[in-house]
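Engineer: Have a look at this one.
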Amino acid sequence: MIKLFTKVDEFISFREGLQNKSIGLVPTMGNLHEGHLSLISESSKENDLTVVTIFVNPLQFGPNEDFEKYPRTLEQDIQRIETLSIEKDILILAPSSSAEIYPENFSTTISITGLTENLCGASRPGHFDGVTTVVYRLFKISSPTIAYFGQKDFQQQLVIKKMTRDLGLTVQIKTMPIIREESGLAKSSRNQYLSNEEREQALELNTTLTKISDILTNQSYLDASISLNEVLENKIRDQRWEYLEILDSDNLQEITPTTDSAVILGALKIGETRLIDNQVIKIQYAR
Ligand code: AMP
């Protein structure tokens with residue numbers, strides 16, 4: 333059964349009748365693609381029931397970002413979920429307005445420091461406050477057993493894990509792999525803003541990350557520094573790259589001799605469209 337809720341109160345009443353069931357939560361902004369669907373499938377495998385939220389959260393968009401034009405495609409999203417033919421129950425919570433999530437006079441912000449200052453946090457001030465605030469609200473509304481996030485938003489899933497630990501929330505956070513197009517481009521609702529020509533240009537994001545990953549996998553981190561600097565410096569001069577960094581995947585800080593897993597993260601602007609991607613690799617210092 334797939335059941336749609338547009339009112340948070342009605343959802344909460346229904347949820348209260350579901351004691352003793354394990355609940356998987358998949359928070360999304362809708363316009364579902366295979367990346368989202370992989371989270372929904374995993375949740376359905378692991379839980380009695382899955383809650384998919386579809387909410388374009390105004391708090392996580394900056395004033396000059398794409399909140400207004402972000403694709404809202406609820407009918408199509410429901411159909412996509414239906415095509416998964418999942419036997420277990422799926423509840424879709426697609427609030428009819430922002431006031432459902434943030435009632436009048438709502439004035440609380442959940443703000444995590446330490447993981448939110450660099451990368452997307454630097455280029456999108458306030459973005460992660462918006463993310464943690466909405467995710468905390470969604471956790472309170474749905475009381476999930478496990479919540480599913482994509483590795484595609486690498487910094488985001490770390491921030492959510494940190495919030496969960498810091499606030500002692502009981503929900504378990506699970507991060508699922510990045511689903512890509514055949515070309516290597518990571519699936520994203522924002523890909524549809526791209527013209528055919530821009531889609532070609534967008535491949536540079538994944539190919540650059542793969543190039544760095546190859547250098548780091550085939551050479552030790554120390555030996556690789558010259559080839560790495562070449563790649564990184566070229567990109568720094570290229571205005572389209574908002575960032576391109578290799579960091580410790582546990583804390584998004586500089587790599588140190590104790591780092592064993594690194595993440596290569598990039599944000600590339602193609603025309604008006606901002607795309608992000610990342611790859612996680614094991615790091616070796618010397619051979
Ligand atoms: P969004 O609708 O963009 O907020 O994404 C909702 C969830 O889907 C987030 O946890 C994303 O990280 C995840 N997601 C988005 N794109 C992908 C992808 N290509 N592969 C895996 N997960 C994804």
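Sequential numbering from 333 applies to the sequence shown in this note's numbering.
Built from N, CA and C at the ideal position, the CB exists for glycine as well.
1. Does the Cβ-Cβ distance between I478 and V503 come in under 8 Å?
2. Can you name the start and end residues of the beta strand (DSSP E) that Y480 belongs to?
3. Can you give the Cα-Cα distance for R619 and K401, rounded to whole angstroms?
4. Enumerate, from N- to C-terminal direction, the unbroken alpha helix (DSSP H) stretches of 4 or more residues contained entirely within the segment 334–361.
5. Can you tell me whether T445 is buried or exposed, with buried defined as 16 or more other CB within 10 angstroms of its CB?
6. When you compare the segment 365–378 with the segment 499–518, are there three or more beta-carbon pairs, one atom per stretch, that lie closer than 8 Å?
7. Could you check where the alpha helix (DSSP H) with S376 kicks off and where it finishes?
8. So is E432 buried or exposed if we call it buried at 16+ other beta carbons inside 10 Å?
9. If we require 3 or more residues per run, which beta strand (DSSP E) segments fall completely within the segment 408–461?
10. Please work out which residues of its chain come closer than 7 Å, Cβ to Cβ, to L564, disregarding the five sequence neighbours upstream and downstream, and give them in chain order.
11. Under 8 Å between the Cβ atoms of L597 and L451?
12. What distance in whole Å lies between the Cβ atoms of L470 and L357, which are believed to be in contact at a cut-off of 8 Å?
13. Does the Cβ-Cβ distance between S475 and I355 come in under 8 Å?
14. Need the endpoints of the beta strand (DSSP E) that E577 sits in, please.
15. Classify R619 as helix, strand or coil using the three-state DSSP reduction.
16. With L593 as the anchor, note down where its alpha helix (DSSP H) starts and where it stops.
17. Go ahead and pull the three-state DSSP assignment for T496.
18. Out of curiosity, what's the CA-to-CA distance linking K335 and V388?
19. Could you pull the start and end residues of the beta strand (DSSP E) that T405 belongs to?
20. Any heavy atom of ligand 1 within a distance shorter than 7 Å of the CB on M508?
21. Taking the alpha carbon of I558 as the reference point, which residue from K339, E348, F438, I544 has its own alpha carbon closest?
22. Have a look at the DSSP bridge pairing and note the partners of L381.
23. Could you tell me the distance, in whole angstroms, from the CA atom of T539 to the CA atom of E436?
Structural biologist: The short version:
1. Contact: yes.
2. 478–482
3. At R619 the pLDDT is 47, less than 50, meaning the model places this residue with poor confidence and gives no usable figure here.
4. 340–348
5. exposed
6. Judged by Cβ distances under 8 Å, the segment 365–378 makes contact with the segment 499–518, as three or more pairs qualify.
7. 366–378
8. buried
9. 421–425
10. L576
11. yes
12. 7 Å
13. yes
14. That run of the beta strand (DSSP E) goes 573–580.
15. With a pLDDT of 47 at R619, under the threshold of 50, the modelled position of this residue cannot be trusted, and the question is left open.
16. Here residue 593 is Ser; the residue named in the question, Leu, does not match the sequence. From DSSP, S593 is part of no alpha helix (DSSP H) but of the beta strand (DSSP E) over 593–602.
17. helix
18. Rounded to the nearest whole angstrom, the C-alpha separation of K335 and V388 is 19 Å.
19. Note, T405: premise wrong, no beta strand (DSSP E); not H, not E.
20. At least one heavy atom of ligand 1 is nearer than 7 Å to the Cβ of M508, so yes.
21. Of the candidates K339, E348, F438, I544, the one whose C-alpha sits nearest the C-alpha of I558 is I544.
22. I355, D421
23. 46 Å
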